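Per the working numbering, the sequence shown starts with residue 925, numbered consecutively.
In this text, a Cβ means the ideal position worked out from N, Cα and C, and glycines have one as well.
Nothing here was measured: the structure is a model prediction, and the numbers come from that model.
Okay, structure first, notes after.
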Amino acid sequence: MHTRTPPRARTRPLLAAFALAWLCAPHTLAQSEPGFSEHQLDQYLWLNDFVLVDLNNDDLLDIASSNHALRPRIRLNTGAMRFQSPQPESPHAFFDHLPELIPGLNTPDMTNDGIYIFHTGLWVRIVAKGLPETPANLVITDTSKEAQPSFAIINATGASPASTPTRTDDETRHTIALSTDFDITLAPTQPTLRFFAELELPRSVPTNNIHLGPRALPAETRTITLDGFSDTDWHNAIWADFNNDTITDLFVAQGGDNGQASPDSTVYNDRLFLSANQTPLAEDRAYQTGIRKLGMPARGAMIADIDNNGLPDIYVRNARSQGANKPIRNTLHMQTEPLKFQEQAEQYKLDISTPGIGAWFDPDDDGDPDLLWADQHSIRLFVNNHTHFEPTTIAAGVTHSSWISIADFDNDADLDAAIACWPTQLILVNTDGKLDPVPATSLGLPKSFNAAHWLDADNDGDLDLYAPPTGLFLQAPDGQFHNSNLLQTEPGWDPFAWGDLNNDGLLDLVRRTTPQPEQPTRTQHTDIYTQSVQVRQAPAYTLAAYTNQLEPTNHWLELTLIGPPHNRSAVGTTVLLEHHSKKQLALLGQQNASQSSMGNTRIHFGLGPQSPAPGQTTLIINWPDGTKTRIDHPQANTHHTIQYPTKTPPQNTHRSEQP
């Protein structure tokens, strides 16, 4: 057993964005409310999805987002509520996996003279400085083949049209007269916010003076192609150790490319970035391992060992708004051998075609994971019968479902669920393996909430419910919930995550706040329809972290589990805490707040105000293969790392946070 004591205050918020522009704001301490300190982190436009995950094994939760067609955003936790971008040479910057000219928000260093071509959001800028002589004309060809132009020149200094644009063979050519210093911005003109163009740069400019992308890499040719979003539409992610080498890998479920995704997976596929030679995210092996997207538009990615073969499988829920006439269904990538996947959703009767949300867990404790599915018709449990799944309706008459959270909220050693659904918000109470729907209002919870997340916010041993927009509801000893009037939000939906950001044993909140009309405008993007391009100001979202100070004297436990070979992420593991008279069951991954991605797999228990005495606290870890590990009197106020047992006793390393 090893102990180590990291710095006392390590905190992290979360950062990521699909944005047309990104605004970095200095770290500031904003207004706070009793029990939580608010730290404003950044301002930006748009955000698809994000998770908290320890990417670099430093015991600090980092922020990882998938941002549609823009570059993925990683922010590494450096402590003290500060996050930074990975260095360009870091694999977490993703530069080696994506084209240099892909939409993004990283501006190159333009210290040296030459021509720079890069994205700023979805716009493209072509900047020249210090050219030795006036170059020949720049020719920009619109290659979209559409009747309407796919881009417009919205800003141009030091440059002007040399002639009227000409159109031949469904292509429009723009000839631009240049000076030795110029700055040209191209903006998409279609509602899809993408465009196709070919740049023919003057022959008088050497290729090593033509710099591409955020790293300003030298060009190999003077003909530069801008092909929309390339093959990048990152929607959802699973961060896990797929190749079992202790390094976190990444599965990316891509969207449907605005309904245009090719069903040919050699053309357009999901991504599986695996480590190699101890380098994270070294190579994309999705196609080689059998991943087949089949043109389906992802809206969420989940992981579970469905057939109990010791190899986690990937389940992708799909939905489509554009091109809705195309058939859709969920996809299931069964891992039949290590890193060998086969798409078998139809075989297992999990080829669900109605858009919805889902969660994997084992409510009847038979050792087989079942799928809880909620959509605009009903709530169903797809029961695992080994060879296929049989659906059982739990609640009918549902008109919309937006969120599922799994946890043992009533401390009876089985897993329950909270579902944000309409017209009645429901709590599914597990009674002897059967999920009984109970109106949330009967437990003192609000009549309406658009998301739900179980957590022990005050470490009293009873789970509470974060139910935005109303806020945080604390559970009393009688099982009723009471409105704390904390963490209320404006109506609407904003991404959020809970995690112990500063490793003090209290769970902290990171969330995006929706901008209000009266807020000052901070950035601009294009509002584009047909041939009309309007540059307008738009308010920026705020990203904030709320550090938890509710009950700093209550005791706690946190666990990181390292699973068996081929499942080092310990997918499917549950942990039973026996503490005084309470029994609470936790599922690995239940603290992950995202409905669309997976990252945070830490397990957190509140222990209450009493200092645990010998013999009063026990942990029983139920590994996915049925192996059990029992730990008597684990040290409280400690983050334990527990490994799957081998022939030697299981390793339990921990770090102390409180005396």
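Pairwise C-alpha distance: residue j and residue i
i       : j       : result
Asn1478 : Tyr1390 : 19 Å
Arg1197 : Ala1177 : Before going on, a small fix: residue 1197 reads as Phe here, not Arg. Roughly 12 Å between the two C-alpha positions.
Phe1018 : Arg1526 : 25 Å
Ala1080 : Arg1049 : 10 Å
Leu1485 : His1528 : 12 Å
Gly1291 : Pro1548 : 8 Å
Ala945  : Asn1030 : Here Ala945 scores only 30 on pLDDT, less than 50, and its place in the model should not be relied on; the value that follows carries that caveat. Their Cα atoms are separated by approximately 10 Å.
Pro894  : Asp1386 : In this structure the chain extends from 925 to 1583, so residue 894 is not present and cannot be described.
Pro1370 : Ala1381 : 18 Å
Met1258 : Val1240 : 11 Å
Ala1004 : Pro1012 : 23 Å
Arg999  : Ala1086 : 44 Å
Gly1224 : Ser1521 : 6 Å
Leu1263 : Val975  : 24 Å
His1563 : Glu1482 : 5 Å
Ser1186 : Gly1219 : 5 Å
Pro1347 : Pro1361 : 13 Å
Thr1311 : Leu1256 : 14 Å
Leu1150 : Asp978  : 35 Å
Ala1164 : Thr1156 : 21 Å
Ile1108 : Ala1052 : 9 Å
Trp877  : Ile1252 : The structure shown does not extend to residue 877, since the chain spans only 925 to 1583, so no value can be given for it.
Span of the beta strand (DSSP E) around residue i
i       : result
Gln1508 : 1506 to 1511
Lys1358 : 1358 to 1363
Pro1112 : 1095 to 1112
Val1353 : 1350 to 1355
Arg1304 : 1302 to 1308
Leu1543 : 1541 to 1546
Thr1317 : 1313 to 1320
Gly1487 : Element bounds for Gly1487: n/a, residue is neither H nor E.
Ala1269 : Here Ala1269 belongs to no beta strand (DSSP E), and DSSP marks it neither H nor E.
Asp1336 : Premise fails: Asp1336 is in no beta strand (DSSP E) and is neither H nor E.
Ala1143 : It is not in any beta strand (DSSP E) - Ala1143 carries neither H nor E in the DSSP assignment.
Ser989  : 986 to 990
Ala1331 : 1324 to 1331
Thr1551 : No beta strand (DSSP E) contains Thr1551, which DSSP labels as neither H nor E.
Asp1299 : 1294 to 1299
Asp1432 : 1432 to 1437
Phe1120 : 1120 to 1124
Phe974  : 973 to 977
Simplified DSSP state of residue i, which is helix, strand or coil
i       : result
Thr1002 : strand
Pro1204 : strand
Thr1131 : helix
Thr1497 : coil
Phe1166 : coil
His1563 : strand
Ser1521 : coil
Ser1277 : coil
Leu1367 : helix
Ala1017 : helix
Arg1526 : coil
Ser961  : strand
Gly1532 : strand
His1159 : strand
Ile1171 : coil
Glu1261 : strand
His1557 : coil
Proximity test, Cβ basis, 7 Å: residue i and chain D
i       : result
Val1499 : Chain labels in this structure do not include chain D; a single protein chain is all it has.
Presumed contact (8 Å Cβ cut-off) between residue i and residue j, rounded CB distance
i       : j       : result
Trp1584 : Ser1329 : Nothing in the structure corresponds to residue 1584, since the chain is present only between 925 and 1583.
Asp1231 : Pro1287 : Wrong, their Cβ atoms sit about 18 Å apart, outside the cutoff.
Ala1517 : Phe1420 : 6 Å
Ala1140 : Pro1221 : Going by Cβ atoms, the distance from Ala1140 to Pro1221 rounds to 34 Å, so no, they are not a contact pair.
Ile1171 : Ser1199 : 4 Å
Leu1350 : Ala1364 : 6 Å
Thr1099 : Val1063 : 5 Å
Ala1101 : Ala1076 : That belief does not hold up - the Cβ atoms of Ala1101 and Ala1076 are roughly 18 Å apart, past 8 Å.
Asp1275 : Asn1254 : 6 Å
Gly1423 : Leu1110 : With 8 Å as the limit, Gly1423 and Leu1110 do not qualify as a contact, their Cβ atoms being about 40 Å apart.
Phe1405 : Gly1368 : 4 Å
Pro1059 : Pro1126 : 4 Å
| request: Ignoring anything shorter than 3 residues or poking outside the region 1021 to 1090, list the beta strand (DSSP E) runs there in chain order. | output: 1038 to 1044, 1047 to 1053, 1062 to 1066, 1075 to 1085
| request: Within the region 1375 to 1422, note down every full alpha helix (DSSP H) run reaching 4 residues or more, in order along the chain. | output: none
| Whole beta strand (DSSP E) elements within the region 1179 to 1242, 3-residue minimum | 1195 to 1200, 1203 to 1208, 1222 to 1228, 1237 to 1242
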